[in-house]
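Here our numbering is used: the first residue of the sequence shown is 75, the next is one more, and so on.
Worksheet: the structure to be examined is printed underneath.
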Amino acid sequence: MKKANVIVLTMLAMYAIAMTVLLFGCRSYKPVVNSVKDSTVVKYFYRDSIITLPGDTVRIKTTVPCPEAKWNAQAKSGRTSLVASLNNGELSIDCKQDSLLLRISLLEKELERKTNTIVHVPVPREVIRYRAPWWAKITLWLSIILITGFCIKHWKLLIANAKAILQFFI
Numbered sequence: 075m076k077k078a079n080v081i082v083l084t085m086l087a088m089y090a091i092a093m094t095v096l097l098f099g100c101r102s103y104k105p106v107v108n109s110v111k112d113s114t115v116v117k118y119f120y121r122d123s124i125i126t127l128p129g130d131t132v133r134i135k136t137t138v139p140c141p142e143a144k145w146n147a148q149a150k151s152g153r154t155s156l157v158a159s160l161n162n163g164e165l166s167i168d169c170k171q172d173s174l175l176l177r178i179s180l181l182e183k184e185l186e187r188k189t190n191t192i193v194h195v196p197v198p199r200e201v202i203r204y205r206a207p208w209w210a211k212i213t214l215w216l217s218i219i220l221i222t223g224f225c226i227k228h229w230k231l232l233i234a235n236a237k238a239i240l241q242f243f244i
């Protein structure tokens, strides 16, 4: 008889634990946090450029009051050459400048922006309005009422069995 009472109380305790787990077992989900990571990278690099300046020519002709004078001169400096001549009272000046090719090295700066966006999107959960059918709810309430009535009617037996269970485990 005592063994049967221990089994009944053990089953009752297991039922109470199961009901408590079902009652408090639902957990709420934490809100999802979006995180964004940005980075800016600065790159320096050398770039060579070639600049071309076009050549130019200046020519001047004029008369001089000395018809018998003759004179010629030439000069060159860098990429410029000058030719001057005086013949039969006519003064002629030619100035020529060659075109210039110039290579320039430039240090350029380039900003590169990288944006890595990480977004955690929760999967929408299906909302179930009616989790249990009506007959399951009625059965649950009926079992809770019957167990409560049993515990109230036989409270002395429950205390004695609880003491026996405690002595069994201690």
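Backbone N, C-alpha and C fix where the C-beta goes; we use that ideal spot for every residue, glycine too.
Just so it is clear, the structure is predicted and the values come from calculations on it, not from any experiment.
Nearest residue (CA-CA) to residue i, options the options
i	options	result
arginine 153	Glu184, Gly129, Trp208 and Cys140	Gly129
aspartate 172	Pro139, Glu184 and Thr131	Thr131
isoleucine 125	Ile212, Lys237 and Ile178	Ile178
alanine 149	Thr137, Asp168 and Ala143	Asp168
cysteine 140	Ile134, Asn146, Ala147 and Leu160	Leu160
Where residue i sits in the DSSP three-state scheme
i	result
isoleucine 178	strand
lysine 230	helix
valine 80	helix
Enclosing beta strand (DSSP E) for residue i [first to last residue]
i	result
asparagine 162	Note, asparagine 162: premise wrong, no beta strand (DSSP E); not H, not E.
serine 151	145-151
Bridge partners - residue i, DSSP secondary structure assignment
i	result
leucine 127	Leu174
arginine 133	Asp168
serine 155	Lys150 and Lys170
8 Å contact criterion, which residue i and residue j should meet: CB distance rounded
i	j	result
isoleucine 239	valine 80	6 Å
leucine 180	serine 123	6 Å
tyrosine 120	lysine 183	About 11 Å; that fails the 8 Å criterion.
arginine 205	threonine 114	Not a contact, Cβ separation roughly 52 Å.
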